[in-house]
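In our numbering, the protein residues as written are 80 to 415. The C-beta atom is built at its ideal place from N, Cα and C for all residues, glycine as well. From a predicted model like this one, the values you see are computed outputs, not experimental measurements. A short worksheet on the structure shown next.
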């Protein structure tokens, strides 16, 4: 199978590429290698992929480049697309909104239009648990409405789901959106909690815990995420024969369109997460407790029953295993 993976130098994207190449697939990867965080880490991920046995091609390309995306599809002819490229981060969307519009809306539109025009078999894309916004009913379920985003980032991800549905409905393009819950693990993003906390604790600097540390997240280990992404990609979206337009299901459709939660079905307390990190590092964190930030939500918890039923997905890595694995990688990568 020939795959296109956008955001191939990113955290989740690079891990997906590695698994696909290990499975004997042909992988076409693109990434713009922007400086949202250190591009050296992105290039190190790409260097790791270049050593992988398999047919691997990489293009440095911005998804907002419409002509470039069109050429890529015309030349590469991917059969399936895993669209992970996006401007990430909830808090940064409050201060740099136009970068989110360009990448997450214009870029998304460029990729899905090209996927339709070139008759891609299945278009799988990254949504986010952030779409649940002001909803406080846990666990978050795809049965729930997501009409009250708490950040621009969340709003762009909700828009992606709606754009995908329009293409599934009008043009019968099979699309599946995956609402990711807090992903962590080796080769992770430096702006995310585990990476930044590890760096600060090692350097003897304080870590910042918002809402006085009273936060809960469905922390999900990267290998579990990749397993779910690839299983979903193999499970091509189809119309729901039970769909009732009089009482529409928010996660299915009469079109070949699906929405799933993908993450750990257990929600963990942030302070427990920090304690396990302290144990793995053999050091005590200096903690600065702060109020809840604008755009943040207090708790997330994933209802993954639909994904379990459709593709047999069940994450199996507890944070007591995943955090030490990350710390071991961090020490090796940074020579600590």
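Whether residue i touches residue j by CB criterion (8 Å)
{"i": "residue 408", "j": "residue 265", "result": "yes"}
{"i": "residue 349", "j": "residue 273", "result": "no"}
{"i": "residue 367", "j": "residue 280", "result": "no"}
{"i": "residue 159", "j": "residue 246", "result": "no"}
{"i": "residue 164", "j": "residue 110", "result": "yes"}
{"i": "residue 339", "j": "residue 386", "result": "yes"}
{"i": "residue 326", "j": "residue 222", "result": "no"}
{"i": "residue 157", "j": "residue 107", "result": "yes"}
{"i": "residue 258", "j": "residue 333", "result": "no"}
{"i": "residue 201", "j": "residue 119", "result": "no"}
{"i": "residue 70", "j": "residue 388", "result": "With the chain running from 80 to 415 in the structure shown, residue 70 is simply not present."}
{"i": "residue 133", "j": "residue 184", "result": "no"}
{"i": "residue 396", "j": "residue 328", "result": "no"}
{"i": "residue 402", "j": "residue 341", "result": "no"}
{"i": "residue 295", "j": "residue 346", "result": "yes"}
{"i": "residue 177", "j": "residue 139", "result": "no"}
{"i": "residue 311", "j": "residue 255", "result": "yes"}
{"i": "residue 392", "j": "residue 267", "result": "no"}
{"i": "residue 121", "j": "residue 171", "result": "no"}
{"i": "residue 243", "j": "residue 191", "result": "yes"}
Status (buried if at least 16 other CB within 10 Å, exposed otherwise) for residue i
{"i": "residue 313", "result": "exposed"}
{"i": "residue 206", "result": "buried"}
{"i": "residue 117", "result": "exposed"}
{"i": "residue 406", "result": "buried"}
{"i": "residue 224", "result": "exposed"}
{"i": "residue 97", "result": "buried"}
{"i": "residue 189", "result": "buried"}
{"i": "residue 353", "result": "buried"}
{"i": "residue 92", "result": "buried"}
{"i": "residue 282", "result": "exposed"}
{"i": "residue 198", "result": "exposed"}
{"i": "residue 291", "result": "exposed"}
{"i": "residue 102", "result": "exposed"}
{"i": "residue 249", "result": "exposed"}
{"i": "residue 153", "result": "exposed"}
{"i": "residue 252", "result": "buried"}
{"i": "residue 394", "result": "buried"}
Residue nearest to residue i in terms of C-alpha spacing, selected from the options
{"i": "residue 105", "options": "324, 302, 128, 121", "result": "128"}
{"i": "residue 90", "options": "195, 301, 254, 180", "result": "301"}
{"i": "residue 355", "options": "131, 298, 303", "result": "298"}
{"i": "residue 372", "options": "401, 304, 229", "result": "229"}
{"i": "residue 336", "options": "131, 148, 322", "result": "322"}
{"i": "residue 84", "options": "151, 123, 122, 176", "result": "151"}
{"i": "residue 174", "options": "232, 284, 311, 296", "result": "232"}
{"i": "residue 269", "options": "415, 414, 168", "result": "168"}
{"i": "residue 144", "options": "284, 121, 250, 193", "result": "193"}
{"i": "residue 213", "options": "378, 412, 389, 402", "result": "378"}
{"i": "residue 415", "options": "365, 360, 244, 215", "result": "360"}
{"i": "residue 181", "options": "351, 239, 139", "result": "239"}
{"i": "residue 364", "options": "171, 304, 275", "result": "275"}
{"i": "residue 204", "options": "241, 357, 172", "result": "241"}
{"i": "residue 398", "options": "262, 140, 86, 131", "result": "262"}
{"i": "residue 142", "options": "278, 162, 186, 319", "result": "186"}
{"i": "residue 413", "options": "153, 277, 94", "result": "277"}
{"i": "residue 148", "options": "260, 307, 196, 324", "result": "196"}
{"i": "residue 179", "options": "271, 236, 260, 320", "result": "236"}
{"i": "residue 305", "options": "244, 410, 161", "result": "161"}
{"i": "residue 86", "options": "137, 357, 284, 320", "result": "137"}
{"i": "residue 227", "options": "375, 394, 131, 146", "result": "375"}
Residue i (DSSP reduced to helix, strand or coil)
{"i": "residue 85", "result": "strand"}
{"i": "residue 255", "result": "strand"}
{"i": "residue 270", "result": "coil"}
{"i": "residue 178", "result": "helix"}
{"i": "residue 246", "result": "helix"}
{"i": "residue 263", "result": "strand"}
{"i": "residue 122", "result": "helix"}
{"i": "residue 241", "result": "helix"}
{"i": "residue 212", "result": "coil"}
{"i": "residue 340", "result": "strand"}
{"i": "residue 206", "result": "strand"}
{"i": "residue 231", "result": "helix"}
{"i": "residue 285", "result": "strand"}
{"i": "residue 90", "result": "helix"}
{"i": "residue 312", "result": "helix"}
{"i": "residue 106", "result": "strand"}
{"i": "residue 363", "result": "coil"}
{"i": "residue 347", "result": "strand"}
{"i": "residue 169", "result": "coil"}
{"i": "residue 376", "result": "coil"}
{"i": "residue 221", "result": "coil"}
{"i": "residue 160", "result": "strand"}
Beta carbon proximity, residue i to chain C, threshold 8 Å
{"i": "residue 247", "result": "Considering every chain present, this structure includes no chain C. It has just one protein chain."}
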